[in-house]
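Position 32 (the sequence shown) corresponds to 31 in numbering that gives the first Met the number 0; numbering is contiguous. The structure appears below as C-alpha cells.
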Amino acid sequence: MPSNFSDDLIRKMTSEQRAATVALLDTLTDDQWRRMTLCSGWTTEHLAAHLSMSFRIGMPRLAVAMLRSRGNFDKAADSLARRDVNRMTRTELVDSLRENVTTDWSPPGGDLVDSLCHDVIHGLDLTEGLGVPSTATREALQVVLQTIRDRDRIAYFGGDLAGRTLVASDVDFRVGDGPELSAPAATVVLVLTGRITVDGNLRRTP
C-alpha cells in the first residue's frame, strides 16, 4: 500500500468514488447510457455492469466464464458485462452498485488499494467517454498514481511514457526519465493505463 494511507482511508476513498459514480449514473439520459466509454467496445451500460459485477457474480460463475474464455479475464469480463446488459435494467445495474458502495472487495490476488484503483480508473473511463468532469478526488488520484508507479503496473496496463517524465500538475507525482511533460493527475492516470497517448495530451513544463 502507498505510504501514509491506512486501510480505513482507502475504504473511505473507495466508497466516495463509488458513491460519485452512482450519483452520475442517476443523472444520465438515454443517449448518455449508449455513449462509448474509454473501455474498448463498452458503452456506459457495459461499464456500469462491470463495476457491479463482483458484487453479483460469485466465484463459480466467474470460473465458468473464465473457462469459456480460455483463461482470459478480459474476455470473461466482457462476456459477463454484455450478458448483464441484456438481462438487467439500467436501474438494476445502478442499484447493484449503490447497494455496495461500502462493500469491501479486492480483485483476485489484489488488495483494497487495487479495488480503489479499479473504481477510479473505470470512473475516468466513464467520465471521459461522457465528456464530463472527473468524479475522482485528488487524494484518490494520488493513491492510484503512486500504486501504478510503485507496483510497476505501467507495462501491465499498456501505458507508454514515450521517453518522457510525466508530472502531475495538481498532485505531488512524477514518473519516468527524459523531458518533462505536465498534465492534471486524471490525464496522467489515463496515459499510464494506456487510455490515451503522451503526444497531444500533455504540455511541456517551462
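A virtual CB, placed ideally from N, CA and C, is assigned to each residue, including glycine.
Our contact map puts residue i next to residue j with C-beta atoms below 8 Å; I'd like the distance itself, whole angstroms only.
| i | j | result |
| --- | --- | --- |
| Ile195 | Leu115 | 21 Å between Cβ atoms; not a contact. |
| Leu189 | Leu123 | 6 Å |
| Ala75 | Trp41 | About 14 Å separates the two Cβ atoms, so there is no contact after all. |
| Thr20 | Leu50 | 7 Å |
| Ala154 | Asp198 | So it is not a contact: roughly 19 Å between Cβ atoms. |
Of all the options the options, which has the alpha carbon lying nearest to the alpha carbon of residue i?
| i | options | result |
| --- | --- | --- |
| Arg82 | Met52, Glu98, Ser105 and Gly108 | Met52 |
| Leu125 | Leu46, Asp29, Pro106 and Thr90 | Leu46 |
| Pro178 | Asp169, Asp159, Ser95 and Arg163 | Arg163 |
| Leu23 | Leu96, Lys74, Ala75 and Ala76 | Leu96 |
| Ser5 | Asp110, Asp30, Asp118 and Leu201 | Asp110 |
| Leu165 | Arg34, Ser181, Asp159 and Ile153 | Ser181 |
| Asp73 | Asp159, Phe172, Cys38 and Ile153 | Cys38 |
| Arg34 | Gly128, Met87, Asn3 and Ala18 | Gly128 |
Return the chain-ordered list of same chain residues with a C-beta closer than 7 Å to the C-beta of residue i, the five sequence neighbours on each side being excluded.
| i | result |
| --- | --- |
| Val84 | Glu44, His45 and Ala48 |
| Glu138 | Met12 |
Take residue i and list the residues in its own chain whose beta-carbon comes closer than 8 Å to its own, dropping the five residues that flank it on each side.
| i | result |
| --- | --- |
| Asp113 | Ser105, Pro106 and Thr146 |
| Phe156 | Ile147, Leu191, Thr192 and Gly193 |
| Ala102 | Ala is not the amino acid found at residue 102; the sequence shown has Thr there. Once the five neighbours on either side are set aside, the close Cβ partners of Thr102 are Phe54. |
| Asp171 | Gln141 |
Who are the Cβ neighbours of residue i in its own chain at under 6 Å, not counting the five residues just before and after it?
| i | result |
| --- | --- |
| Val119 | Gln16, Ala135, Ala139 and Val143 |
Original post:
Can you give, in chain order, each stretch of the alpha helix (DSSP H) that sits fully within the segment 30-59 and has at least 4 residues?
Top reply: 43-55
Subject >> Inter-stretch contact (C-beta, 8 Å, three-pair minimum) for the segment 127-145 and the segment 182-195 >> reply: yes
Subject >> Any alpha helix (DSSP H) of 4 or more consecutive residues that is wholly inside the segment 121-205 >> reply: 137-149, 153-156 and 184-191, all fully within the segment 121-205.
Original post:
For the segment 68-112, which segments carrying the alpha helix (DSSP H) assignment without a break, of at least 4 residues, lie completely within its bounds, in sequence order?
Top reply: Segments of the alpha helix (DSSP H) lying fully in the segment 68-112: 72-86 and 89-97.
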